[in-house]
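Asker: Residue numbers for the sequence shown follow the numbering used here, beginning at 4 and rising by one.
Backbone N, C-alpha and C define an ideal beta-carbon position, used for all residues, glycine too.
Got a structure for you, questions after.
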Amino acid sequence: MKYGAVALVSLFVGVGIGTSDGSAETGKGASGTKAAPRPTVTVTKTAAAADPEPAPTVTKTVAAKPKKTKEAGPATTFSGEGEYVVGEDIEAGTYKTAGSDGAFGCYWERAKDASGEFGSIIANNNLEGPGRVTLNKGEYFKTNRCQEWKKVG
């Protein structure tokens with residue numbers, strides 16, 4: 004609608020200029036004289052405002068708070084090969100094994116210290132099949148050629 008009104012006004016101005024001879028004294032001009040220059044009409048068209056750009060998407064990454072992990076304590080399952088301190092490396096309690104992992108039998112030993120001396124042995128056995136042993140805190144448990152030990156009590 005705005006541009007239509009501008010066009011209509013421009014049309015009337017152009018027609019008015021075209022019908023006049025360019026002088027204020029119509030009919031009084033001398034022959035051979037130059038006509039005065041006609042005024043130029045300039046129409047300024049305002050460009051429509053461009054569509055605004057969409058607002059940028061902001062993504063905020065929130066890291067989840069880490070869950071408190073349970074401190075690692077003594078194990079309740081352990082390998083059939085090694086020497087363990089009961090209460091530090093493994094929990095006190097009763098453990099079972101399926102027996103030997105080979106042809107020579109499963110050897111286990113409860114000891115009062117890690118000296119390796121014969122006098123430090125509390126109990127020992129050489130299993131041909133499954134077996135159980137009860138371990139007390141502070142003892143040393145040595146196992147060779149056995150399958151995995153699992154706590155059962």
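#1: Answer yes or no: does any C-beta atom of chain C fall closer than 8 Å to that of Thr-47?
#2: Just how far apart, CA to CA, sit Cys-13 and Ala-58?
#3: Can you name the start and end residues of the beta strand (DSSP E) that Thr-100 belongs to?
#4: With 16 other CB atoms within 10 Å as the buried threshold, where does Val-136 fall?
#5: Reducing DSSP to helix, strand and coil, say where Ser-13 ends up.
#6: How far does the beta strand (DSSP E) with Phe-121 in it reach, from first residue to last?
#7: Check this for me: beta carbons of Gly-83 and Gln-150, under 8 Å apart or not?
Answerer: Considering the structure as presented:
#1: Here there is only one protein chain, and chain C is not present.
#2: Here residue 13 refers to the residue found at position 10 when the sequence shown is read from its first residue. Here residue 58 refers to the residue found at position 55 when the sequence shown is read from its first residue. In the sequence as displayed, the identity of residue 13 is Ser instead of Cys. Between Ser-13 and Ala-58, the alpha-carbon positions lie close to 40 Å from each other.
#3: Mapped onto the sequence shown, residue 100 falls at position 97. Note, Thr-100: beta strand (DSSP E), 96 to 100.
#4: Position 133 of the sequence shown, counting from 1, holds the residue named residue 136. With 16 or more Cβ atoms within 10 Å of its Cβ, Val-136 is classed as buried.
#5: Looking up residue 13 in the sequence shown gives position 10. Helix.
#6: On the sequence shown, residue 121 is found 118 positions in, with the first residue counted as 1. Element bounds for Phe-121: n/a, residue is neither H nor E.
#7: As a working note, residue 83 is residue 80 in the sequence shown. As a working note, residue 150 is residue 147 in the sequence shown. The answer is yes: Cβ separation under 8 Å.
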